[in-house]
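Scroll down for the structure; my scribbles are underneath it.
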Amino acid sequence: MDQILSELHSWCLQQLSLSAIDAADQLDVVSGDASFRRYYRLPLRAGGSVIAVHAPPDKEDNLAFSTVQDLLHRHGARVPKLLAWDEPRGFLLQEDFGDQLLCPLLVNSAAADHYYRQAFRTLLAMQAIPAAAHTLPHYDSARLHTEMALFPQWFVEGLLGYTLNADEKNMLNGMFELLSQRALQQAQGVVHRDFHSRNLMVLADERLSMIDFQDAVQGPITYDLVSLVRDCYISWSPEQVDDWIGIYRQMAMRAGLLGNISEADFLQDVDWMGLQRHIKVLGIFARLHLRDGKSGYLGDLPLVIAYTLSVASQYPEFEEFCAWFDDKLIPIIVKQPWYKDIDL
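Numbering (the numbering used here), first residue to last: 33 to 376.
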């Protein structure tokens with residue numbers, strides 16, 4: 033890794049046409065994330081800084097990052113500018129937006145309401161990008177099912193050690209098909225796919241910027257909404273969440289992104305889309321622990337479980353799923369070292 037960082041540092045200086053005395057002599061670690069990307073800051077002697085990224089090309093789709101960054105930037109979204117890119121080595125140089133993530137600023141519901149309304153405007157502007165303006169992959173049935181399949185593989189059998197029988201697999205597949213169909217019947221637009229408080233930055237002018245957008249697709253417009261209001265890392269009262277969903281619905285209708293859909297139908301769209309996401313996330317967090325050795329996300333599983341059961345229990349279509357989850361999985365879950373009771 034030291035060799036890679038040395039090469040990355042030299043490459044950054046070269047791209048910026050700077051000599052060694054014009055910048056710090058080493059890169060400062062900023063963060064990693066759930067992927068294999070690693071972020072570093074390079075302070076410049078003249079003031080300011082840039083962000084250097086090492087994203088191994090055998091593990092990360094840097095072309096997708098570049099493509100989506102260009103798309104969003106061309107349509108007025110606040111995303112870090114890509115200043116340079118060495119495709120073979122997986123080196124990227126981009127604009128530095130600082131360190132202020134949205135998450136720590138959400139100290140109460142009033143603060144969340146302030147920032148979430150701004151986030152809705154950011155989201156709607158992205159969703160308004162015409163389908164003809166991009167070639168993003170579609171969030172189709174196959175992709176939705178592949179994501180949900182992470183739940184039985186990595187969470188149920190991998191993490192909990194519970195072996196599914198044929199009837200249970202059929203029950204889950206039936207549920208996944210219902211969720212997929214509902215998602216595909218909704219209004220469609222550009223989907224960030226990880227639009228939440230850890231991927232939104234607050235800039236010096238108080239505007240929001242999006243990061244971690246490289247997995248964007250064309251899909252259901254409720255996906256990013258529910259990612260934000262039922263964030264896997266922070267929760268709000270169901271009443272507050274329903275209020276935000278209503279606010280977004282009105283904004284989307286005024287923007288022409290939604291037809292004249294009733295509150296009840298839109299809420300069901302959001303609920304079922306959230307179920308698809310949270311079922312997927314249970315699998316992803318388990319996989320990060322089991323396969324990638326990233327165990328920090330285990331502590332976030334209880335909230336995602338709470339979201340899953342609280343929403344699924346409101347719909348008769350998922351009664352069998354809830355009964356099975358309570359009967360078979362909860363007795364195993366409560367014995368896990370990461371378990372804690374979450375009351376939404």
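Glycine is no exception: its CB is placed at the ideal position from the N, C-alpha and C atoms.
The structure presented is a predicted model; accordingly, all values stated were derived computationally and were not measured.
- For Arg225 against Tyr255, the beta-carbon gap comes to about 7 Å, under 8 Å, which counts as contact.
- Contact between Phe245 and Leu104 holds: CB atoms are separated by about 6 Å, below the 8 Å threshold.
- Taken through DSSP and simplified to helix, strand or coil, Glu127 comes out as strand.
- Bridge partners of Arg73 according to DSSP: Asp60 and Ile83.
- Rounded to whole angstroms, the gap between the alpha carbons of Tyr171 and Asp237 is 34 Å.
- Counting of Cβ neighbours within 10 angstroms places Asp34 among the exposed residues, the total staying below 16.
- Around the C-beta of Lys201, fewer than 16 other C-beta atoms lie within 10 Å, and the residue is accordingly described as exposed.
- At the C-beta level, Lys372 and Pro334 come within 8 Å of one another.
- The beta carbon of Asp332 sits closer than 7 Å to those of Cys264, Tyr265 and Phe317, all from its chain and outside the five residues before and after it, given in chain order.
- The beta-carbon distance between Tyr147 and Leu137, rounded to whole angstroms, is 7 Å. This is short enough to meet the 8 Å contact definition.
- Bridge partners of Leu240 according to DSSP: Val234.
- Unbroken beta strand (DSSP E) runs of no fewer than 3 residues, entirely contained in the region 246-316, are found at 249-252, following chain order.
- In the displayed model, Asp226 falls within coil according to three-state DSSP, outside both helix and strand.
- Taking C-beta atoms as the reference points, Leu235 and Gly130 count as a pair closer than 8 Å.
- The beta carbons of Leu196 and Pro184 sit closer together than 8 Å.
- In the three-state reduction of the DSSP assignment, Ala109 falls in the coil class, being assigned neither a helical nor a strand state.
- With fewer than 16 neighbouring CB atoms inside 10 Å of its own CB, Ala165 falls in the exposed class.
- A distance of 8 Å or more separates the beta carbons of Leu322 and Leu182.
- A distance below 7 Å between beta-carbons, with the five flanking residues on each side excluded, links Ser67 to the following residues of its chain, in chain order: Glu92.
- Judged by DSSP in its simplified three-state form, Gln220 adopts strand.
- The beta carbons of Gln300 and Ala215 sit about 12 Å from each other, so the pair does not count as a contact at 8 Å.
- In the three-state DSSP reduction, His170 falls in the strand class (E or B).
- Only residues of its own chain outside the window of five on either side were considered, and among them Gly221, Val222, Ile253 and Leu289 have a CB closer than 6 Å to the CB of Gln159, listed in chain order.
- The alpha-carbon separation between Trp276 and Ser42 amounts to approximately 47 Å.
- By the C-beta density criterion, Asn292 is exposed, having fewer than 16 other C-beta atoms within 10 angstroms.
- Around the beta carbon of Gly278, fewer than 16 other beta carbons lie within 10 angstroms, which makes this residue exposed.
- In the displayed model, Asp102 falls within a helix according to three-state DSSP.
- Rounded to whole angstroms, the gap between the alpha carbons of Glu271 and Leu45 is 51 Å.
- Assignment of Trp370 by DSSP, reduced to helix, strand and coil, places it in the coil class.
- Asp118 carries a strand assignment under DSSP once its states are collapsed to helix, strand and coil.
- Rounded to the nearest angstrom, the Cβ distance from Val100 to Leu124 is 13 Å, too far for a contact under 8 Å.
- Here Thr340 is buried: its Cβ has 16 or more other Cβ atoms, across all protein chains shown, within 10 Å.
- With contacts defined as CB atoms closer than 8 Å, Leu40 and Asp54 fail to qualify as a contacting pair.
- By the beta-carbon neighbour count (other beta carbons within 10 angstroms, threshold 16), Asn140 is exposed.
- Under DSSP, Leu133 takes part in a beta bridge, and its partners are Met233.
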